[in-house]
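Before any comments, here is the structure.
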Amino acid sequence: MYAASGVLTVHTERGTSIVPANRAAWTPAGFTHQHRAHGDTDMRIVFLASSLARLIPDRPAVFLASDLAREVLLALTGPRNYDAASAYSRSARWRLLRVLVDELREADEQPLHLPEPRDDRLRAIARMLDENPAENATLDELGKRTGASTRTLSRLFRDELGMSFYEWRTQLRIYHALVLLADGHDTTQTAHACGWANPSSFIAAFTNVIGTTPGRYRTDRRTGAWASRIPGE
1 MYAASGVLTV HTERGTSIVP ANRAAWTPAG FTHQHRAHGD TDMRIVFLAS SLARLIPDRP
61 AVFLASDLAR EVLLALTGPR NYDAASAYSR SARWRLLRVL VDELREADEQ PLHLPEPRDD
121 RLRAIARMLD ENPAENATLD ELGKRTGAST RTLSRLFRDE LGMSFYEWRT QLRIYHALVL
181 LADGHDTTQT AHACGWANPS SFIAAFTNVI GTTPGRYRTD RRTGAWASRI PGE
């Protein structure tokens, strides 16, 4: 699943994947899933035969979409596929799918997945912060609300979700930020709505995860001018 523009979220039993317009989401067969578009989103879907699907992870994942992967995805889902006179032949389509799979195999998986907590105390915290991402309560304060110690909650975040509380909260906030930006909010509004003290700290966190600034992300989302920008480059 690919957003040529806009933002998608894909929810499975494993959690929620956030898919901005320079990422591709993979959902293997057998995973019940729901997807939602935010803002003006151009969603593209490509299905893989089992012989190709087994070459990439057997779990939901989000990948950085290279320039080549993007062009292949657009080709496989573009107008040409609905015109019998100019449609790709079966062998040509297979070659394009193989190129796509090769690109995904080489791509880095992206930290844009919010795992689904199982513990009731983690679920309560996740619900509170999802409803109000600007909440700045410490883990100790949240523990008092849910009846768990800081030590217990820290262990649960590591064991169940594979990250610290603060890493998880940053992921959650980035997800909400992507949705707000897709809906037309500016950088300052989005920063405050998602709990950052100032736009500068928001821009730094957003760029570290998404690979581009919020301002450039908004511009590129509208124009479709995506390149494979990797955090740190």
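Take the sequence shown: its position 78, counting from 1, is numbered 78 in this note's numbering, and each next residue is one higher. All residues carry an ideal CB built from backbone N, CA and C; glycine is no exception. Remember, predicted model here, so these are calculated numbers, not experimental data.
Would you mind sorting residue i into buried or exposed? The rule is 16 or more other CB atoms within 10 Å of its CB.
| i | result |
| --- | --- |
| S149 | exposed |
| R79 | As written in the sequence, residue 79 is Pro, which differs from the Arg given in the question. It is exposed - the Cβ of P79 has fewer than 16 other Cβ atoms within 10 Å. |
| S17 | buried |
| I45 | exposed |
| G211 | buried |
| Y166 | exposed |
| Y82 | exposed |
| A49 | exposed |
One question on the structure: do residue i and residue j come within less than 8 Å of each other, judged by their Cβ atoms?
| i | j | result |
| --- | --- | --- |
| A3 | A29 | no |
| P60 | F31 | yes |
| E109 | V179 | no |
| I125 | L114 | no |
| T9 | H35 | yes |
| M43 | A25 | no |
| I203 | T219 | no |
| V72 | L55 | no |
| A134 | A193 | yes |
| G6 | A182 | yes |
| D120 | E160 | no |
| S51 | E103 | no |
| L129 | L172 | yes |
| L68 | V99 | yes |
According to DSSP, what are the bridge partners of residue i?
| i | result |
| --- | --- |
| V19 | L8 |
| T37 | Reading off the sequence shown, one finds Ala at residue 37, where the question assumed Thr. Bridge partners of A37: L8. |
| A3 | M43 |
Which class does residue i belong to by DSSP, given the choice of helix, strand or coil?
| i | result |
| --- | --- |
| T213 | coil |
| E109 | strand |
| L48 | coil |
| D58 | coil |
| T219 | helix |
| A25 | strand |
| Y88 | coil |
| P117 | coil |
| A65 | coil |
| D42 | strand |
| E233 | Legend: pLDDT at E233 = 33, less than 50; position of this residue unreliable, no value from coordinates given. |
| A227 | In this prediction, A227 has a pLDDT of 40, which is less than 50 and means its spatial position is unreliable; nothing more can be read from the coordinates. |
| E13 | coil |
| T32 | coil |
| D83 | coil |
Counting only runs that start and end within the segment 125-158, where is the alpha helix (DSSP H) found for 4 or more residues in a row?
Counting only runs of at least 4 residues, the segment 125-158 fully encloses the following alpha helix (DSSP H) elements, listed from N- to C-terminal order: 139-146, 150-156.
Could you give the uninterrupted runs of the alpha helix (DSSP H) lying entirely in the segment 156-200, keeping only those of 4 residues or more?
The segment 156-200 contains these whole alpha helix (DSSP H) runs: 165-182, 187-193.
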